[in-house]
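Chemist:
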């Protein structure tokens, strides 16, 4: 029996409503339906082993898609984000119909976009104290009013010491999230790169930088009252002397789309960019 996973935002009525319609249709097509909130989706069961799941369909915003990434990480399961009215960067631009979604999953007619994932290790007293990963970004930030002192090196070479509010290391996917709001560049998702961005640094050189995804970024913390956050979902407190090592993960997250849609179109829709006068595609 084929399997489908519905990841729903628990407090958005539109998510549960559309999820119920999807579950009803998938069940009629002899799918086994799983959900992160089965109490909201009649006919579904709670998530257990996710082997063999055809796709994860996300009903919510970009934050819910990040939650779905937590669930399916380590498995080659495409994540399909359904637009419920608030245009994000990770979901479809237009909401597909229930029939379109079910038929696309049945036929395997979806467009995958493999997304780079960032991993990190926190080294404390010479040993790995904690580790994690992020689809969007890893941020090292102050957790009090005291300014942080951070020393950054790339591939074993010193880059700069900053007195700052923090440093963001973002993937192309995360370049339109926290890093964007902090003044970083937009990086198209098919570009293989990392964005390194100091926050409110007291330095002559504090520009955003785009670095190779294959480099090793090391950040040494010289201050107390700091924390590392991945995708804004997982936090770890840091102490003076901690070292954070950031590298590209070998595992990717598979975002997927039914209606295709270019990243440029999602960018235009999100920010309502003026495109009047466009003369069409170049010949």
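Residue numbers (our numbering): 10 to 292. Yeah, the Cβ is synthetic: ideal placement off N, Cα and C, and Gly gets one too. Being a predicted model, the structure only gives us computed values, none of them experimental.
1. May I ask you to report which of helix, strand or coil DSSP gives residue 225?
2. Which whole runs of the alpha helix (DSSP H) in the stretch 73 to 123 are 4 residues long or more, in chain order?
3. CB residue 180 to CB residue 225, shorter than 8 Å?
4. Would you call residue 18 buried or exposed, if buried means 16 or more other Cβ atoms sit within 10 Å of its Cβ?
5. Excluding the 5 residues flanking residue 183 on each side, which residues of the same chain have their C-beta closer than 6 Å to its C-beta?
6. How would you label residue 87, buried or exposed, when you count the other beta carbons within 10 angstroms and need 16 or more for buried?
7. Could you check where the alpha helix (DSSP H) with residue 237 kicks off and where it finishes?
8. The beta strand (DSSP E) spanning residue 150 covers which residue range?
9. Alpha carbon to alpha carbon, how far is residue 285 from residue 105? Give it in angstroms, no decimals.
10. Could you tell me if residue 280 is buried or exposed, where buried requires 16 or more neighbouring beta carbons within 10 angstroms of its beta carbon?
11. Return the CA-CA distance between residue 218 and residue 155, expressed in angstroms with no decimal places.
12. What's the call for residue 108, buried or exposed, on a 16-neighbour Cβ count within 10 Å?
13. Give me the Cα-Cα distance between residue 85 and residue 72, rounded to the nearest whole angstrom.
14. Check whether the stretch 227 to 236 touches the stretch 185 to 202, counting contact only when three or more Cβ pairs, one atom from each stretch, lie closer than 8 Å.
15. Would a C-beta distance cut-off of 8 Å place residue 178 and residue 207 closer than the cut-off?
16. Would you mind stating whether residue 63 and residue 11 have Cβ atoms separated by less than 8 Å?
17. Who pairs with residue 34 in a beta bridge, going by DSSP?
18. Could you tell me how far apart the beta carbons of residue 143 and residue 229 are, in whole angstroms, since I believe they sit closer than 8 Å?
19. With C-beta atoms as the reference, is residue 70 less than 8 Å away from residue 49?
20. Which residues does DSSP pair with residue 288 in a beta bridge?
21. Are there 16 or more other CB atoms within 10 angstroms of the CB of residue 283, so buried, or fewer, so exposed?
22. Compare the C-alpha of residue 273 against each of 166, 199, 249 and 252 and name the closest.
23. What distance in whole Å lies between the Cβ atoms of residue 188 and residue 204, which are believed to be in contact at a cut-off of 8 Å?
24. Are the stretch 148 to 164 and the stretch 113 to 126 in contact at 8 Å, needing three or more beta carbon pairs?
Modeler: According to the structure shown:
1. Position 216 of the chain shown, counting from 1, holds the residue named residue 225. Residue state, collapsed to three classes: coil.
2. DSSP runs (the alpha helix (DSSP H)) wholly in the stretch 73 to 123: 107 to 116.
3. For the purposes of this step, residue 180 is taken as residue 171 along the chain shown, with counting starting at 1. For the purposes of this step, residue 225 is taken as residue 216 along the chain shown, with counting starting at 1. Contact flag unset, no.
4. Working through the chain shown from its first residue, we reach residue 18 at position 9. Buried, by the Cβ-count rule.
5. Locating residue 183 in the chain shown gives position 174, where the first residue counts as 1. Only 145 and 146 meet the Cβ criterion.
6. Mapped onto the chain shown, residue 87 falls at position 78. Burial call: buried.
7. By one-based count along the chain shown, residue 237 stands at place 228. Residue 237 -> not in any alpha helix (DSSP H); beta strand (DSSP E) instead, spanning 235 to 239.
8. Locating residue 150 in the chain shown gives position 141, counting from the first residue. Looking at the DSSP string, the run of the beta strand (DSSP E) that includes residue 150 is 146 to 151.
9. Position 96 of the chain shown, counted from the first residue, corresponds to residue 105. Position 276 of the chain shown, counted from the first residue, corresponds to residue 285. The C-alpha of residue 105 lies about 26 Å from the C-alpha of residue 285.
10. The sequence position of residue 280 within the chain shown is 271, counting from 1. Counting Cβ neighbours within 10 Å, residue 280 comes out exposed, since fewer than 16 surround it.
11. Here residue 218 is taken as the residue at index 209 of the chain shown, counted from 1. Here residue 155 is taken as the residue at index 146 of the chain shown, counted from 1. Distance between the alpha carbons of residue 218 and residue 155 is about 25 Å.
12. In the chain shown, residue 108 corresponds to position 99, counting from 1. With fewer than 16 Cβ atoms within 10 Å of its Cβ, residue 108 is classed as exposed.
13. Counted from its first residue, the chain shown places residue 85 at position 76. Counted from its first residue, the chain shown places residue 72 at position 63. For residue 85 and residue 72, the distance between alpha carbons rounds to 20 Å.
14. no
15. Taking the first residue of the chain shown as position 1, residue 178 is located at position 169. Taking the first residue of the chain shown as position 1, residue 207 is located at position 198. The answer is no: Cβ separation not under 8 Å.
16. On the chain shown, residue 63 is found 54 positions in, with the first residue counted as 1. On the chain shown, residue 11 is found 2 positions in, with the first residue counted as 1. Yes. Within cutoff.
17. Translated into the one-based positions of the chain shown, residue 34 becomes position 25. Beta-bridge partners assigned by DSSP to residue 34: none are found.
18. Counting from 1 along the chain shown, the entry for residue 143 is found at position 134. Counting from 1 along the chain shown, the entry for residue 229 is found at position 220. With a Cβ gap of about 20 Å, residue 143 and residue 229 do not count as contacting.
19. Taking the first residue of the chain shown as 1, we reach residue 70 at position 61. Taking the first residue of the chain shown as 1, we reach residue 49 at position 40. Against a cut-off of 8 Å, the Cβ pair of residue 49 and residue 70 comes out as no contact.
20. In the chain shown, residue 288 corresponds to position 279, counting from 1. BP columns for residue 288 are empty, so no partner.
21. As a first step, residue 283 must be located in the chain shown, where it is residue number 274. Residue 283 is exposed by the Cβ-count criterion.
22. Start at 1 with the first residue of the chain shown, and residue 273 comes out as number 264. Here the closest residue by C-alpha is 199.
23. On the chain shown, residue 204 is found 195 positions in, with the first residue counted as 1. On the chain shown, residue 188 is found 179 positions in, with the first residue counted as 1. About 5 Å separates the two Cβ atoms, so the contact holds.
24. no
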